[in-house]
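These notes are about the structure you will find just below.
Below you can see the structure in the form of structure tokens.
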């Protein structure tokens, strides 16, 4: 999906190109607007949501599994129904969106930082360092993410922060690989060779030339990787090793709803599922557009 | 064009494949047995499967009442000696006759079982002082310690044919290898069917781990012949696909469909289902033994769980009937003791554990926790029916009386090791009594661990009540049934008043099936082809 | 060249050892398998006997050393749960996963390549844009959710296909496969579709990108100027140009699907290797998990290694030294 990356055509300023790319196509424009809406909903969830679904005192199991549009015992209406714990699905989805986005953003940021640093070092220093880093990358790519999550769960307990940490551990290797590939291409360019011949110090060349000129591709791909981090979180929660049950993310809401698909209580899995798919899809559309604006090749 | 023809062919074949030859009875299982070897691992799915192929000296019926099987009668001398009369005229599926030698061989094998996962089989036979065979159809067993439940336990030990290994004269003498000259069978030898030779109503045809277990009717079976020529067990771990498979016609019988899904087949004339109360009780074990507990935080710095008023308040705060109705969809019974009323050693009229939040708040205030305290309830999320949902609901109820409860739900791989390291404060537990006696729970969980390690093996909460310990220790070595029953009832009453264990409910087992079949549900949760009969 | 290959081989061996150490200690860190294996009512003596037999009484580094020595002799251990050698356990599951992946990759290629060609030849046409939009959707659906929806639609609502499990198998060249029975194929359709969708999207994108690029190459322009028919250009020049990346990616994806089709196998209760891995992790069946991850890593390392060497052989500009691309 995001393998060989060869950036070129860096003539147009970044911002203009991005905006042009987004404006040009109706699908992308739609996706961009949708993404902005979802982010706003997530940010302001505590203000919009009729209920705090993470506060057990506000829930009642007597109100559980109500169909969309049903009224609660206190008279308010559950527009999207309730789940097995009596959580209002509207509130649960808003808060779940918040958790999912938070996990996606923070883990991508973390993985990106580590991966870029590792990839840059590997490309610049070469030799033993390169071999070592790339073999660690090989190692991480073969390691099942559920095992990472389980070990963390067993050793440091459960929490949203631990899930973020697990995803960083799983995903940094991809960035390292990308960064290395794109930095290697950049390194062969004449201006870098000139800088080396000029006798500039290696750290300076790395940070002032190599990093800014080769990070573009990695940044673009990271948009799409936010989506894949969110998917990974959802999958871990589906497998029972994700976020705490009392603070469900979209993935955990779906996993809970999986049990109620057959009994006809479709809303528990279907609505959060739609929210998740919309979120991932809008991220992917925007990311895809960015990638094409930069003419970044690959899947 | 060609594609369409091909597709049509394919569809026609699909449609007619079903009726081409006699289908086996297809039973979808929720949990897959791990081996065919009957002495490999003492687990419900394993024991249920091997009960088709192997029989014990006794057997339990669907209500866990004891009946003769390979033994026709047994008696006890009032102390430690038991005499079992064996059934005559029984042959194994390979044609060899069943005699006392096979029983001796089997007992020896449970002790010479290199590959077994430690199981209670070796604990049963390890208690044997001697086993003698006065004639080919009599077995006399002398035990080291008195064991009132010996006939019940022997129902779980599947009898092997001694013909599966080379041997001289067999005797129960472990030091002399029991007279066996060949190599003792290991678990893998049974999986391909070579050594899977028993006296049961079925015999093994093939075993493909993860896919299917095929059985054929054993035509040499001594009892009434089963109506099914062949049976196929299919492991389908997820409940929803299991039920969907029944609806789609892929299976004839399924075990444990989710109770919430039964609405789908309730009004469908093509299907039926049975809900059977089981002996599995779900409860919380409270950390009462320590002044500091890892997941409790109170303003006074103490462990409030050590106060009986707090524990009683927690029990009063829980609406058991609501949990049964709203989360278990009726497929459970509220539990007011630890084995369902009517089973051996239970109270005939246990006092109801009421839902009374006002009373709970009052008790908490009396105990000095009017403002509550913080508590994390720990639970599995993949072991018992709705385990994590139940615990979340209980946390809601506790929050409503002022205890700030949180929930930590874990997969069992993390949960069970942590629980036994005593890292939890309030731990969800589940216990099914295989013997059908109240002693099973009482000796294992609330008893104070003794030096010999025979009781209190799961007392992770550090509960200790000398009066209760005295009663339970006496009960488990009392051979007289009436006396034992009364001791168990007293023990139960004694530990219940301390609320160190808060019972929630008894799980019910559910089986769904096609309407042209009947199914008899069992309280031990065994899924058996023998429980399936065609509608006449 | 030889020195380079040797160096890489040594590095790869070190990666394998590192993986085995990490997985070994990871599973050790999750919890004590005895707690899951032994029913609580079993006596302490019996329990200790089992711990001793499984070697779990030794310090963990010593357990690892024993494992390493046995592994070098070709014995990867015996499953705690099933009591049989892990390699036979894993190999017994291989055909189920293999046929699933084979079918889904074939499906992805058969549908993906023509659609990709279509999209690549006229990148700005309406159908092409629809196809490309479709690929983003294909990437976006989380595997477990998609699987659930497929079951809901095709099994529950329509009742066309079985919900889960593997169908009837027959022996083919000594291997049990369900590819040649109708019952087996019916069971295969949904899980392989679930696996195929993202790969189909990937295939379409690869082919479309390759096609667009090829059409701008000088030799294609020249051929078109000469009046060679479009069909022939696509068949002879474009297809050849895109086949190499397609084959490479198919190879890599094939490997990673065989190793980790865990989610699909879980949703569909498919008795393959991914299901074995996840079950073994949940049961703390350490020998199976360690052997499995080592085999999977071996697969990845081998693929990377071959790809790197091939690059070097194909592209003389890449020097075979420490800093190769």
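Chains as they are written, first to last, in my numbering: chain A, 1 to 299; chain B, 1 to 536; chain C, 1 to 325.
Beta carbons are placed, not taken as given, at the ideal position from N, Cα and C, and that holds for glycine.
Query                                                                                                                                  : Result
In chain order, each beta strand (DSSP E) run of at least 3 residues that lies wholly inside the segment 415-446 of chain B            : 426-431
Residue 391 of chain B to residue 286 of chain B span [Cα, whole Å]                                                                    : 14 Å
Same chain, Cβ closer than 6 Å to residue 406 of chain B, neighbours up to 5 away in sequence not counted                              : 376
Counted within 10 angstroms of its Cβ, other Cβ atoms place residue 273 of chain C as buried (16 or more) or exposed                   : buried
Backbone CA spacing between residue 201 of chain C and residue 47 of chain B [nearest angstrom]                                        : 47 Å
Cβ-based contacts, 8 Å cut-off: residues of the segment 57-78 of chain A near chain B                                                  : 57, 59, 60, 61, 62, 64, 65
Neighbourhood of residue 70 of chain B by C-beta distance below 7 Å, restricted to the same chain and skipping five residues each side : 55, 56, 57, 86, 87, 90, 98, 159, 199
Residue 231 of chain B at chain C interface by Cβ criterion, 7 Å                                                                       : no
Best match in C/36, C/94, C/167, C/40 for proximity to residue 453 of chain B [C-alpha to C-alpha]                                     : C/40
Closest residue to residue 151 of chain A among C/30, C/149, C/213 (Cα-Cα distance)                                                    : C/30
Rounded C-alpha distance that separates residue 63 of chain C from residue 77 of chain C                                               : 11 Å
For residue 174 of chain B and residue 21 of chain B, the rounded distance between their alpha carbons                                 : Reliability fails at residue 21 of chain B, whose pLDDT of 44 lies under 50, so the model's placement of it is uncertain and the value that follows must be treated cautiously. Each residue's alpha carbon lies about 50 Å from the other.
Buried versus exposed, by CB contacts within 10 Å (16 or more), residue 178 of chain C                                                 : buried
Rounded separation between residue 197 of chain A and residue 126 of chain A - CA only                                                 : 18 Å
Cβ pair residue 244 of chain B, residue 257 of chain B closer than 7 Å                                                                 : no
Supposed close pair residue 231 of chain B, residue 202 of chain B - CB separation, criterion 8 Å                                      : 6 Å
Within 7 Å, strictly: CB atoms of residue 254 of chain A and residue 242 of chain A                                                    : no
CB contact check: residue 131 of chain A to chain C, cutoff 7 Å                                                                        : yes
Bridge partner(s) assigned by DSSP for residue 408 of chain B                                                                          : B/378
7 Å Cβ cutoff met for residue 117 of chain B and residue 41 of chain B                                                                 : yes
Nearest-angstrom beta carbon gap, residue 138 of chain A and residue 301 of chain C [assumed within contact, 8 Å]                      : 6 Å
Interface flag, residue 237 of chain A vs chain B, CB-CB below 7 Å                                                                     : no
Same chain only: Cβ atoms within 6 Å of residue 193 of chain B, ignoring 5 sequence neighbours per side                                : 204
The segment 276-283 of chain C touching the segment 232-244 of chain C, judged by at least three CB pairs closer than 8 Å              : no
Interface flag, residue 204 of chain C vs chain B, CB-CB below 7 Å                                                                     : no
Short CB-CB distance (under 7 Å) between residue 322 of chain A and chain C                                                            : In the structure displayed, chain A extends from 1 to 299; residue 322 of chain A sits before or after that span and is not available.
Contact between the segment 384-403 of chain B and the segment 350-369 of chain B (3+ Cβ pairs under 8 Å)                              : yes
Local conformation of residue 54 of chain B per DSSP, three classes                                                                    : coil
Residues bridged to residue 28 of chain B [DSSP beta-bridge criterion]                                                                 : B/234, B/254
Neighbour list for residue 388 of chain B in chain A, Cβ cutoff strictly below 7 Å                                                     : 245
Residues near residue 153 of chain A in its chain [Cβ-Cβ closer than 6 Å; skip 5 each side]                                            : 241
Straight-line Cα distance separating residue 104 of chain C from residue 97 of chain C                                                 : 11 Å
Alpha-carbon spacing of residue 473 of chain B relative to residue 348 of chain B, whole angstroms                                     : 22 Å
Alpha-carbon to alpha-carbon, residue 180 of chain B and residue 140 of chain B                                                        : 20 Å
CB-CB length for residue 413 of chain B against residue 284 of chain C, believed under 8 Å                                             : 5 Å
Proximity test, Cβ basis, 7 Å: residue 281 of chain A and chain C                                                                      : yes
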